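*Asks:*
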Amino acid sequence: MTGLRALNELTLPHPDAATTIFNLKDYRVLETQILDYGQRRVHVESTVESGCPGCGVIGTRCHSRRWQRVRDIPVAGPVEVLWRKRRYFCDESVCERKTFSEATAQVPARARSTRRLHGALVDAVVSSGRAATETAIAHGVSWWLVQKALNMAATKLPDVDLLRPRMLGIDEHRFRSVRFFKNTETNTWQRIEPWMTTIVDLDTGQILGVVDGRDHTGVGAWLIKRPLDWRLGVQVVAIDPSAAFRKALRMWLPRTAVSVDHFHLIQLTNQALTEVRQQLSHKVRGRRGRAVDPAWAHRMLLLRAADSLSEAAKARLGKVFATDDPTGKLKAAWDVKEQVRTLLRTGSLEDAELAKADLERLVKESNQPETTRLWRTICRWWKEIEVLIVTGATTGKVEANNTSIKHIKRTGRGFVNSTNYTTRIMLRSAARTAVNFPLQ
Ligand SMILES: [Zn+2]
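Residues 29 to 468 in my numbering are what the sequence shown lists, from first letter to last.
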């Protein structure tokens, strides 16, 4: 054993080979061992000074040394790390502490594992999307340590209340069917919501909040917790077309303009066209569509945007209208769908107004319940569509996040504790959107 050494000898300009390879900051390898069963053991000591936690005076007189086991990342395979930890006398006469243990940036006071291990665990779960249990097994640590590392990383998440988002996107999402979990403490069954709502900063794409359920009161409760100037600073909020939600938003964000999501409007439009096609098959053939009917076989072709069609696809579509649309209803509904796309692409309110007039004419010509219903929806949401056209605020970024959230939900399996998965979702989002968000 190396025994006593003066502190000024601790930091060597040229560390030895074992220290260089082990590469744990502020530590030096004293000795390495290979145990009978092949396990490698590394003895280390710190190379930095430690201050008394009571008064901050640097310790110079060593009181005692003891070996502490420290969990660490594998270094070319699993290693067992033993730290020869010093205890110092506090030489400050007015300080109440007589002695104190050393602490380093990698192994702070009372810690039993290195920060680089925490970093590796958080990285495995957040960046690689591995399940906590799987990560624990891969690193030879407990599930609990993985969760603890995640919770510690979460404390470094930016404070939502200090951010000043300009545009918000709010989107509800179903991630699986309803499940029930037995609460072992109370011996009762708990319903786990299959719905959740995410609130995203549309400028950065960062998730600001995750709320369980699709009930808008959850979002309301979240918004009302934000400071008043935070809520007044939100200029635009993009939502799915839900009248109840729109009504409720007026209460929580009274000065905010509401934009309706582009994607959901296209979805409603496509749905109307699909219904017309299904109706037609029933009327003309008295049965459901089959793959041999052109309009059925080309159902995806009908939904695609006209400007994305190749010449061959356009010809196929023309054939569908010529041979499988005797009443002209399908073509009329398709024209309505294309006009909605044109309308949503306009860049100014004047152009939008003109496109709306054209749409009204096409809907009247089409004269079908499906397209008339679509027209009514567009009229009811006209103000929000105008906001969409002017600001371009859609929930697209929320949707992108939902894909990764679904992945987290799946890899995380159970998640009886909802704060655990919320932590993971927020960490993943922060790691992806804020370039310098530290995971360690
Ligand atoms: Zn002290």
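Where is the CB? At the ideal position from N, CA and C, for every residue including glycine. All values derive from a computational prediction rather than experimental measurement.
Per DSSP, what kind of secondary structure is C90 in: helix, strand or coil?
*Replies:* Reduced to three states, the DSSP call for C90 is strand.
*Asks:* For P322, does the count of other Cβ atoms within 10 angstroms reach 16, so buried, or fall short, so exposed?
*Replies:* With 16 or more other Cβ atoms within 10 Å, it is buried.
*Asks:* Since Q263 contacts R194 with CB under 8 Å, what's their CB separation in whole angstroms?
*Replies:* Yes, Q263 and R194 are in contact; Cβ-Cβ is about 5 Å, under 8 Å.
*Asks:* Where does G79 sit, in a helix, a strand or coil, going by DSSP?
*Replies:* Strand at G79.
*Asks:* Taking DSSP's pairing of strands, which residues face S129 in a bridge?
*Replies:* In DSSP, S129 forms a bridge with R115.
*Asks:* Measuring from each Cβ to the nearest heavy atom of ligand 1, keep the ones under 6 Å and list them in chain order.
*Replies:* The set, ordered by position in the chain, is C80, G82, C83, V85, C118, E120, C123 and R125.
*Asks:* Cβ atoms of L149 and V122: under 8 Å apart, would you say?
*Replies:* Not a contact, by the Cβ cut-off of 8 Å.
*Asks:* When you compare each of V188, S155 and R369 to L301 by their alpha carbons, which one comes out closest?
*Replies:* Ranking the options by Cα distance to L301, first place goes to R369.
*Asks:* Just the C-alpha distance for R158 and I235, rounded to the nearest angstrom, thanks.
*Replies:* R158 and I235: Cα-Cα distance of roughly 20 Å.
*Asks:* Name the one or two DSSP bridge partners that E108 has.
*Replies:* Partner(s): R69.
*Asks:* Rounded to the nearest angstrom, how far is the Cβ of V265 from that of S287, given a contact under 8 Å?
*Replies:* Confirmed, Cβ separation roughly 7 Å.
*Asks:* CA-CA distance, A458 and G233?
*Replies:* One C-alpha to the other measures close to 9 Å.
*Asks:* For G79, collect the residues of the same chain with a Cβ closer than 8 Å to its Cβ; drop the 5 residues on either side in sequence, then sort them by chain order.
*Replies:* Answer for G79: V85, I86 and G87, listed in chain order.
*Asks:* Can you tell which of I406, A361 and K357 has its C-alpha closest to the C-alpha of E381?
*Replies:* It is I406 whose Cα lies nearest to the Cα of E381.
*Asks:* By the three-class DSSP mapping on this structure, what secondary structure does S156 have?
*Replies:* Correct three-state label for S156: coil.
*Asks:* Would the segment 271-280 count as touching the segment 340-360 if we require 3 or more Cβ pairs under 8 Å?
*Replies:* No, the segment 271-280 is not in contact with the segment 340-360.
*Asks:* So who's on the other strand from R99, going by DSSP bridges?
*Replies:* Note: R99 sits in a beta bridge opposite S141.
*Asks:* Please list the terminal residues of the continuous beta strand (DSSP E) segment that includes R192.
*Replies:* Neither: R192 is in no beta strand (DSSP E) and is coded neither H nor E.
*Asks:* For P255, tell me which candidate among L281, P354 and M454 has the shortest Cα-Cα distance.
*Replies:* Ranking L281, P354 and M454 by Cα distance to P255 puts L281 first.
*Asks:* Whole beta strand (DSSP E) runs in the segment 353-407 with 3 or more residues, listed along the chain?
*Replies:* For the segment 353-407, not a single whole beta strand (DSSP E) run of length 3 or above is found.
*Asks:* Tell me K210's beta-bridge partners as DSSP assigns them.
*Replies:* Paired residue(s): W217.
*Asks:* Quick check on L58: does DSSP put it in helix, strand or coil?
*Replies:* L58: strand per DSSP, three-state reduction.
*Asks:* Taking all protein chains shown into account, decide if V463 is buried (16 or more other Cβ within 10 angstroms of its Cβ) or exposed.
*Replies:* Per-residue confidence for V463 stands at a pLDDT of 47, beneath the threshold of 50, marking its modelled position as unreliable; the derived number appears in the next sentence. It counts as exposed.
*Asks:* Let me make sure I understand the geometry here. Which of P106, F128 and T132 has the alpha-carbon closest to that of C118?
*Replies:* Taking only the C-alpha atoms, the option nearest C118 is F128.
*Asks:* Roughly how many whole angstroms lie between the Cα atoms of N36 and T450?
*Replies:* Residue placement at N36 is poorly supported in this model, since its pLDDT is 45, which falls under 50; the coordinates are not used for a value here.
*Asks:* In this structure, how does DSSP classify D257 when only helix, strand and coil are distinguished?
*Replies:* Of the three classes helix, strand and coil, the one that applies to D257 here is helix, per DSSP.
*Asks:* Assess contact between the segment 386-403 and the segment 356-371, defined as three or more Cβ pairs (one per stretch) separated by less than 8 Å. Is contact present?
*Replies:* Yes, they touch.
*Asks:* With distances taken Cα to Cα, identify the nearest neighbour of R259 among A133, R283, A152 and P43.
*Replies:* That would be R283, whose Cα lies nearest to the Cα of R259.
*Asks:* Using a Cβ-Cβ cut-off of 6 Å (strictly less than) and excluding sequence neighbours within five positions of P3, which residues of its own chain qualify?
*Replies:* Residue 3 lies beyond the residue range present for the chain, which begins at 29 and ends at 468; the question has no answer from this structure.
*Asks:* Relative to the C-alpha of R68, which candidate in L110, A271, A272 and Q134 has its C-alpha closest?
*Replies:* Residue L110 is the option with its Cα nearest to R68.
*Asks:* Ends of the beta strand (DSSP E) at A285?
*Replies:* First-last of the beta strand (DSSP E) with A285: A285 to V288.
*Asks:* In this structure, what does DSSP give as the bridge partners for W280?
*Replies:* In DSSP, W280 forms no bridge with anything.
*Asks:* Determine the burial state of L32: buried for a count of at least 16 other Cβ atoms within 10 Å of its Cβ, exposed for fewer.
*Replies:* Only weak support exists for where L32 lies, its pLDDT of 46 falling under 50; the value from the coordinates is given anyway. Exposed, since its Cβ has fewer than 16 Cβ neighbours within 10 Å.
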